[in-house]
Every structure is written in C-alpha cells, then in structure tokens.
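Going line by line, the protein sequences match chains W and L. Under the numbering used here, the residue at position 128 of the first sequence is numbered 128, and the numbers go up by one with no gaps. Under the numbering used here, the residue at position 75 of the second sequence is numbered 1075, and the numbers go up by one with no gaps. As structure tokens, the structure follows; a few thoughts come after it.
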Amino acid sequence: MNLQAVKSIYIFEMSRTFRTLLQSIVSPVLSTSLYFVVFGAAIGSRIQEVDGVSYGAFIVPGLIMLTVLTQATSNAAFGIYFPKFIGTIYELLSAPISFLEIVMGYVGAAATKALAIGLIILLTAAFFVDIQIAHPFWMLTFLVLTCVSFSLFGFILGIWAQNFEQLQLVPLLVITPLVFLGGSFYSISMLPPLWQNVTLFNPVVYLISGFRWSFYGTADVAIGLSITMIALFLAICLGIIWWIFKTGYRIKT
Amino acid sequence: MAPIVSINNLSKTYEGGHHALRDVSLDIEEGEILALLGPNGAGKTTLISIICGIVSPTGGTVTVGGHDVVDDYRHARTLIGLVPQEITLEPFEKVFRTVSFSRGLFGKPPNSQLISDVLEKLSLLDKKDSAINQLSGGMRRRVLIAKALSHEPRVLFLDEPTAGVDVELRKSMWSIVRDLKKNGVTIILTTHYIEEAEAIADRIGIISDGQLLLAEDKEALMGRLGRKQMRIDLQAPLDELPENLSNYELERAEDGTYLTYVYDTQADRTGITALLNDLGDAGIRIRDVQTQQSSLEQIFVDLVKETP
C-alpha cells in the first residue's frame, strides 16, 4: 500500500482547511452559535422540556449533526471535484496509487475536518447550555461513523458532479431538508402519527436519534436500528465507490 | 537490451466510436529522445495518456521497464513522469509544496534538498514560496516539469511542452530536455513543431489518424526520405530551357536567373553530373551552385498526405 501517497493527499487537503480557516471552521461555529441564540435562548425559553431535557440542550445533538453532515458532504465533494475541475486529477490517475488509497486520503481529510467541527460545536454549545453525555463512547462512535459515511457520500457526489451547481445541489436541497425534518429541533414523538410514520423513511432520523441517545439516553427509534442504518449507509457508499473505480465512471475515459 | 517502453498492438476507441489509436506498436529504448509528430487529433495525447494510466486502452498492451501499465501499474507508474499539455495547477498553492505533493503521490519520502535541486535546475528556486497564480505562463510550465521530475522518473513524457510559448522559452525547454537526457532519462515528447523534433529528437515517430506511420532514427529518416534541392545560379538570365534539358526535373525562376533541380539522395544516379555537362553543352554558364536538404516538415507533410 502506498501510505506515503495517502499521507500526502491527507496533509494537502488538511492544509486547505488551515488556509481557509475562516470559511472552514469559524463560519460553521458562528452559524451554530446563532442557532443557539435563536432556537435556544429566544424560542427555547418558551418551550417546555422535551423528553425530560431542556430544549436548548435537546437541540445540541441535532445541531451538531446538521453541521457535520453538510460539512462532511461538502468538504469531500469539493476535495475531489476541484482536481477534476482544474485538471490536476491527471496527477492522481498517473501516480502509483490505488483508488482505495485516493479515497482514504480525501475521505480521511474530509471526515477529520467534519469531526473537528463537530467537536468544536459541542464545545461552543457547552457555553450556552448544560450538556450531559450519557454514553461518551457511543457519542464518539456515532460522530466518527457519520463523518466517515457522509464524507464517502460527498466523495461520490464530487465524482458525479459536472459543475458547481450540481456540487451544491445535494447538500442544499437534500441534506439540509432531511436534517431539518429528521428531528434536529424536535422529537418525532411530537408529530401526528401519520407524519411519525412518514419521517421513518428519512435516514437522518436514525442518525440524530442514535446520536441524541448517546447524550441523554432517550431515542425516537431503537438504538440498534440507528447503528444498523448507519452501517447500511456506509456499506452502500462503499459499494458505489467500488463501482465508480471499477468502471472509471466520470474519471477515466 | 530490452526497451524501456514497449507498446504492442495498442488501440483505443472512445465512446461514440472515434478510433483514436489503431493497432500501434512501438519500442522505445532507454536514454533516447523520441518525438511523436502528428497533426491535431492524430492520437498522440491518447497514446501518452494510456501509457500513464489516464485513459484505458481498448486493446493491446504497454509495458514500462517490463511492467504492464494495467496489471502492474504501481511499478510501471513509479518509473514515469508526465508533463501534460494543459497547464493544470492549483492556483493558490505554493511552488515548493505542490512539487513536494507530487513526490509524495509517487510514494517517495519527503526530500527538501532534491526538490530544491530540481527547482534550481528549472530556475524556479527563488519562486519556491510563491503562489502558482503569481507566476508567469513559462514559469508555470516549468513547475509542471518540476512536479514530473520530483519523483525521479526514468521515463518522462512531455505532451506538447512548448505549445504556445515564446521562442526564448522554447529554446530553454530544449536545453532542459537535453540535460535530462544526459542524466539518463528517456524522453518521449509530442509536438507538432517540426523544428522542435528536428532540434532535439534522436528518433521521430509520425502518427496520423491513430496509426503510427513510422518511427525511425531522425538522421536516417531524413536521409531515406529526404530530397535535396540544387539551386543553380546562372551568369545570364535564361528566357527558356534549351531542348537538351527537357528530360530533367528542372524549374526555371521567373526572372530566369537561376534553375532549381530536385533529386533523391538515395537514388543510384542523382543525375547531377549529366545535368551539369548538359548545361555546359547548351552554353549556359554557371555562377554558383547550392544544395539544401528538405526539412522534416516536408517529409511529414508528404507522409501524412500519402496516408489514405
């Protein structure tokens, strides 16, 4: 295995984060803080506790997921789309490096960024509300799995996209609505029965529910189901990436 | 000695049915400079792209250093450096970092001294901390060469290295290529500048419509296919050619001050002696005689024209 190449891609991608620190880290932290100000302090003070947790604390896992999902997807998508767009992908294709190693480099960097942002948001949230983490191990496991699986998803998106519009389409029009409708700011038990059933078709529900369980010990769906759904999503993404590299879809002619 | 690059019956048909390469076979010896000449769309870039792993072949095989470029791509690609035709660089990256990145991609450990040496050879050392978007076009092209050399390749592919660059830079590129050859690097360059191939190549390959028409030693090619022109300056202008000279392929200048005779250098008889005798018999006095080898350009044009 060409680990030197994986390391080179990883460091190269991470250095992009530090070069664009304001956009990469400060911006999601600022927008999350605004969510706390609006939903936590202004609106949250008028809402009763949800599942025995104050509303401000209740939305923390959902807010982290909202940012982590969009950041992991966007970072990985941009990471591989940019070399395609400017033509430097020739270097990756002509280097003695396997497709698995390319994925490890790009997805590893995107997942690290998303993880770092998730943890920074958690720290930021601690300034606004009291946070308890009932299952720290599972909290980290959920977070890491989500970062990796959505970075893989972003990588697929970056390969598929043929222009910047397509690149932004999925995070804006798919991920964000799914997260908002996936119980980020409410418990799905608060919905009418029909909508509770409809919501179960939203895969993000399982992520947020499981992640919230790791904080407060309460979940909308069974924890085993949440883990299964993440594992399934991860497996599907890996399968698609394997197919992309086998066929050279939108990479090789 | 086994060739460093061996191409066997290589073909490529793109989606849509375009045949970019048709059954191309070619051996490239270690340490030589091979220039691939051909008009736009002839298949030069496709050939290079297949060897380097950017494009998948439809048929045939290629080995580099004895390693198949598909089945044993890791070993094969380790030996190859590629300078693409287009200037493709991350605009905000620093020169030193982007060159070091290339070395890392090829599995080589960081080596600041080597990168500095490469940059120095390419007159880029003073720009090592500059962002790519602050460099001139010529410098960017040299950064591409530095990236390709950063992992110490044994075979270097230069795809149209001097396309769109000025004469001075072109000559500087030729000098770089000659230096690389001195260090034992095998160089394959594509170009449609005949002058370039004539100036630096050891061997010329001509591609047209996806077919390799020939690959021959440059001097031998020019000798074999070259025709020479003899210009005969006359002491007095000639109104028309005398009867006894009508059998020669002679062309009279408009003002009649000189005659041009084209002959094949490889023919058993060039006809020069007989022509000069007949000129004397006709009472035509000669002031000067000059001969000129026909250029690669003419050879190239003739060959491509002959291709069905």
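Built from N, CA and C at the ideal position, the CB exists for glycine as well.
Taking C-beta pairs closer than 8 Å, name the residues in chain W that residue i reaches, listed in chain order.
{"i": "I1080 of chain L", "result": "S94"}
{"i": "R1022 of chain L", "result": "Those within 8 Å of R1022 of chain L in chain W number zero; the least Cβ separation is about 17 Å."}
{"i": "N1073 of chain L", "result": "Note that residue 1073 of chain L is Tyr in the sequence shown, not Asn. Within 8 Å Cβ-Cβ: P96."}
Please compile the residues from chain W whose C-beta is within a distance smaller than 7 Å of the C-beta of residue i.
{"i": "V1055 of chain L", "result": "K252, T253"}
{"i": "G1107 of chain L", "result": "N2, Q4, A5, P96"}
{"i": "R1141 of chain L", "result": "Here the premise fails: no neighbours, minimum Cβ distance about 14 Å."}
{"i": "R1154 of chain L", "result": "Under the 7 Å cutoff, chain W gives no residues; its nearest Cβ is about 13 Å from R1154 of chain L."}
{"i": "R1077 of chain L", "result": "S94, A95, P96"}
Chain L partners of residue i, CB-CB under 7 Å?
{"i": "G87 of chain W", "result": "E1086, T1088"}
{"i": "F12 of chain W", "result": "F1101"}
{"i": "S8 of chain W", "result": "F1101, G1104, L1105"}
Around the C-beta of residue i, are 16 or more other C-beta atoms found within 10 angstroms, so that it is buried, or is it exposed?
{"i": "K1218 of chain L", "result": "buried"}
{"i": "L69 of chain W", "result": "buried"}
{"i": "H1151 of chain L", "result": "buried"}
{"i": "Y249 of chain W", "result": "exposed"}
{"i": "W195 of chain W", "result": "exposed"}
{"i": "N75 of chain W", "result": "buried"}
{"i": "V960 of chain L", "result": "There is no way to answer for residue 960 of chain L, as the model of chain L reaches only from 1001 to 1308."}
{"i": "Y206 of chain W", "result": "buried"}
{"i": "F201 of chain W", "result": "exposed"}
{"i": "D1239 of chain L", "result": "exposed"}
{"i": "K1305 of chain L", "result": "exposed"}
{"i": "L1279 of chain L", "result": "buried"}
{"i": "G1104 of chain L", "result": "buried"}
{"i": "G224 of chain W", "result": "exposed"}
{"i": "V103 of chain W", "result": "buried"}
{"i": "E101 of chain W", "result": "buried"}
{"i": "S1123 of chain L", "result": "exposed"}
{"i": "R1269 of chain L", "result": "exposed"}
{"i": "P193 of chain W", "result": "exposed"}
Check each candidate in the options and name the one with the smallest Cα separation from residue i.
{"i": "G105 of chain W", "options": "W:G239, W:W243, W:M1, W:A219", "result": "W:M1"}
{"i": "L140 of chain W", "options": "W:L234, W:R46, W:M65", "result": "W:M65"}
{"i": "E949 of chain L", "options": "L:I1187, L:D1071, L:E1086, L:N1244", "result": "The structure shown does not extend to residue 949 of chain L, since chain L is modelled only from 1001 through 1308, so no value can be given for it."}
{"i": "F78 of chain W", "options": "W:L30, W:L22, W:V170", "result": "W:V170"}
{"i": "F127 of chain W", "options": "W:K246, W:T32, W:M14", "result": "W:T32"}
{"i": "L1241 of chain L", "options": "L:M1230, L:A1253, L:R1231", "result": "L:A1253"}
{"i": "S1011 of chain L", "options": "L:A1002, L:I1004, L:I1048, L:P1003", "result": "L:I1048"}
{"i": "N1133 of chain L", "options": "L:I1087, L:T1078, L:N1247, L:G1256", "result": "L:I1087"}
{"i": "L1245 of chain L", "options": "L:I1284, L:F1300, L:R1231", "result": "L:I1284"}
{"i": "W242 of chain W", "options": "W:F153, W:I188, W:G108", "result": "W:F153"}
{"i": "L1079 of chain L", "options": "L:T1063, L:N1111, L:Q1113", "result": "L:T1063"}
{"i": "Y35 of chain W", "options": "W:P61, W:V148, W:A235", "result": "W:P61"}
{"i": "I11 of chain W", "options": "W:E91, W:L145, W:K113", "result": "W:K113"}
{"i": "I188 of chain W", "options": "W:I120, W:G210, W:F245, W:L167", "result": "W:G210"}
{"i": "G1081 of chain L", "options": "L:Q1229, L:S1102, L:D1072", "result": "L:S1102"}
{"i": "I1007 of chain L", "options": "L:K1182, L:G1205, L:L1135, L:K1108", "result": "L:G1205"}
{"i": "V1155 of chain L", "options": "L:D1264, L:G1017, L:C1052", "result": "L:C1052"}
{"i": "L181 of chain W", "options": "W:G56, W:V50, W:V26, W:L63", "result": "W:L63"}
{"i": "S54 of chain W", "options": "W:V129, W:M190, W:T146", "result": "W:V129"}
{"i": "T1045 of chain L", "options": "L:S1056, L:V1083, L:D1159", "result": "L:D1159"}
{"i": "F137 of chain W", "options": "W:G217, W:M190, W:P192, W:C237", "result": "W:G217"}
{"i": "G1271 of chain L", "options": "L:A1236, L:E1243, L:K1228, L:F1106", "result": "L:K1228"}
{"i": "R1287 of chain L", "options": "L:T1265, L:L1259, L:A1274", "result": "L:L1259"}
{"i": "P1237 of chain L", "options": "L:R1231, L:P1057, L:M1222, L:T1257", "result": "L:T1257"}
At 9 Å on the CB atoms, spell out the chain L contacts of residue i, in chain order.
{"i": "G248 of chain W", "result": "S1056"}
{"i": "Y90 of chain W", "result": "S1049, C1052, I1054, L1082, P1084, E1086, T1088"}
field: Proximal residues, the segment 61 to 82 of chain W versus chain L, C-beta separation under 9 Å
entry: F82
field: Segment contact, 8 Å Cβ cut-off, at least three pairs: the segment 1206 to 1213 of chain L with the segment 1011 to 1026 of chain L
entry: yes
message: Across the segment 1049 to 1067 of chain L and the segment 1130 to 1142 of chain L, are there enough close Cβ pairs to call them in contact, namely three or more that are closer than 8 Å?
response: no
task: Would you be able to state if there are at least three C-beta pairs under 8 Å between the segment 1188 to 1199 of chain L and the segment 1159 to 1173 of chain L?
output: yes
- prompt: Quick one, which residues of the segment 1252 to 1284 of chain L are near chain W if we go by CB-CB under 9 Å, in chain order?
  reply: none
The segment 1174 to 1186 of chain L / the segment 1029 to 1048 of chain L touching (three or more Cβ pairs under 8 Å): Segments in contact, yes.
query: With contact counted as at least three CB pairs below 8 Å, one residue from each stretch, are the segment 1033 to 1042 of chain L and the segment 1090 to 1110 of chain L in contact?
result: With fewer than three CB-CB distances shorter than 8 Å, the segment 1033 to 1042 of chain L does not count as touching the segment 1090 to 1110 of chain L.
field: Cβ-based contacts, 7 Å cut-off: residues of the segment 1009 to 1043 of chain L near chain W
entry: Y1014
Sufficient close CB pairs (3 or more, under 8 Å) joining the segment 1114 to 1124 of chain L to the segment 18 to 27 of chain W: no
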